[in-house]
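Colleague: Pasting a structure here, questions to come.
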Amino acid sequence: MMLKIAIFNCDAPKEQLVNWGNFSDMAITMLEQSCDAADEAEYDVYQVYKDEFPSLEELKSYSGIYITGSEFDAFDNSRAWIVHLKKIINVVLTEDGYPPVTGVCFGHQIVASSLGCKVDRNPQGMEGGIVPLQLTEDAKRLGLLQKPHPSTTHTFSIAKIHNDIVYEIPEGYVNIASSQKCPIQGLYKKHKAFTLQGHPEFVTQVSMLMIQRAYEHGKIDAHRFEAIKAESAQNENDGIYAAKTMWKLFKREL
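To convert, note that position 209 of the sequence shown is 209 in UniProt numbering; the numbers rise steadily by one, no gaps.
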């Protein structure tokens, strides 16, 4: 099967991540590594943070839309491109004829915000590193984020770095996971959307570099920095299995 994916890149490249590229590059790498051998994919990247968008009519030709992470706030309505992005995603998710949407971190928050749900700062502060999530009963029943072994996956570890969270579940959607600091870790609706608050596209080294960057910019103190590194070392990064779920969504298998 040939699949055509629109990547909405929502941030500029980060100097310390030059070896991995920007967020859209990492998304494509992850998707290529997880694509079924019988499938082929092509990707069109739109620099939406530079206000580069396809038309709604053009979006109808895609198999799926992927919204990257970003250091911007999904609730920042002073930025025209963020407002435009949310308007487009609202149409895609509420009207017929459009492809399903997957979003990570900022992308997850954009999906929720576009559907009228509250997104804001997390009073518990930043969540970062390789963090274990508890899958909800809905996620397990639907077969979301399952790893390749016979028994049901109950815990899923993923790279994370975020200060904002989604506070509400859109009508018709289910929450797929939770953590100690963030109760809504992802959203799902059949044939429409699959989102994650984490960064499945981040390999562990990228995750640790982003945490180091947060420390260097004063967003976390030395004690928290060391704690995140120690906690992350105990958890396996399961991000690649999230991409398997994304492909199932794009192929309308979920």
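Where a beta carbon is used, it is the ideal one built from N, C-alpha and C, also for glycine.
Based on Cα-Cα distance, which residue from 173, 93, 194, 55 lies nearest to residue 68?
Modeller: 194
Colleague: Should residue 242 go down as buried or exposed, given a rule of 16 or more other Cβ atoms within 10 Å for buried?
Modeller: buried
Colleague: If you check the beta carbons only, do residue 238 and residue 106 fall under 7 Å apart?
Modeller: no
Colleague: Any heavy atom of the ligand NAP closer than 6 Å to the beta-carbon of residue 35?
Modeller: The model depicted lacks the ligand NAP and carries no ligand whatsoever.
Colleague: Do residue 263 and residue 32 have their CB atoms nearer than 7 Å?
Modeller: No information on residue 263 is available, as it lies outside the stretch 1 to 254 that the chain covers here.
Colleague: Just to confirm before moving on: does the CB-CB distance between residue 161 and residue 235 stay below 7 Å?
Modeller: no
Colleague: Please name the residue or residues paired with residue 129 in a DSSP beta bridge.
Modeller: 160
Colleague: Could you check which residue in 136, 66, 80 has the C-alpha nearest to that of residue 104?
Modeller: Residue 66 is the option with its Cα nearest to residue 104.
Colleague: Please tell me whether residue 100 and residue 64 are closer than 7 Å, where the distance is taken between their beta carbons.
Modeller: yes
Colleague: Just list the residues that DSSP pairs residue 8 with in beta bridges.
Modeller: 46, 67
Colleague: In angstroms, rounded to a whole number, what distance separates the CA positions of residue 44 and residue 191?
Modeller: 21 Å
Colleague: According to DSSP, is residue 18 helix, strand or coil?
Modeller: coil
Colleague: Alpha carbon to alpha carbon, what distance is there between residue 137 and residue 153?
Modeller: Near 11 Å, if we compare the C-alpha coordinates of residue 137 and residue 153.
Colleague: Based on the DSSP secondary-structure assignment, which residues constitute the bridge partners of residue 196?
Modeller: 104, 186
Colleague: Taking the straight line between their C-alpha atoms, what separation do you get for residue 240 and residue 180?
Modeller: 22 Å
Colleague: Tell me, which residues are paired with residue 41 by DSSP?
Modeller: 3
Colleague: If you draw a straight line from the C-alpha of residue 205 to the C-alpha of residue 80, how long is it?
Modeller: 33 Å
Colleague: Would you identify the three-state DSSP class for residue 175, choosing helix, strand or coil?
Modeller: Correct three-state label for residue 175: strand.
Colleague: Tell me the rounded alpha-carbon separation between residue 147 and residue 247.
Modeller: Roughly 14 Å separates the two Cα atoms.
Colleague: In the DSSP output, which residue or residues are listed as bridge partners for residue 119?
Modeller: 166
Colleague: Does DSSP put residue 249 in a helix, a strand or coil?
Modeller: helix
Colleague: I believe residue 75 touches residue 120 by the beta-carbon criterion, under 8 Å. Please report the beta-carbon distance rounded to the nearest angstrom.
Modeller: 6 Å
Colleague: For residue 9, count neighbouring Cβ atoms within 10 angstroms of its own Cβ and tell me buried if that reaches 16, exposed if not.
Modeller: buried
Colleague: Ignore the nearest five residues each way along the sequence and tell me which others in residue 115's own chain have a CB closer than 6 Å to its CB.
Modeller: Here the set comprises 170.
Colleague: Could you please give the first and the last residue of the uninterrupted alpha helix (DSSP H) stretch that includes residue 223?
Modeller: 222-233
Colleague: Using only the alpha-carbon positions, how far apart do residue 149 and residue 52 sit?
Modeller: 41 Å
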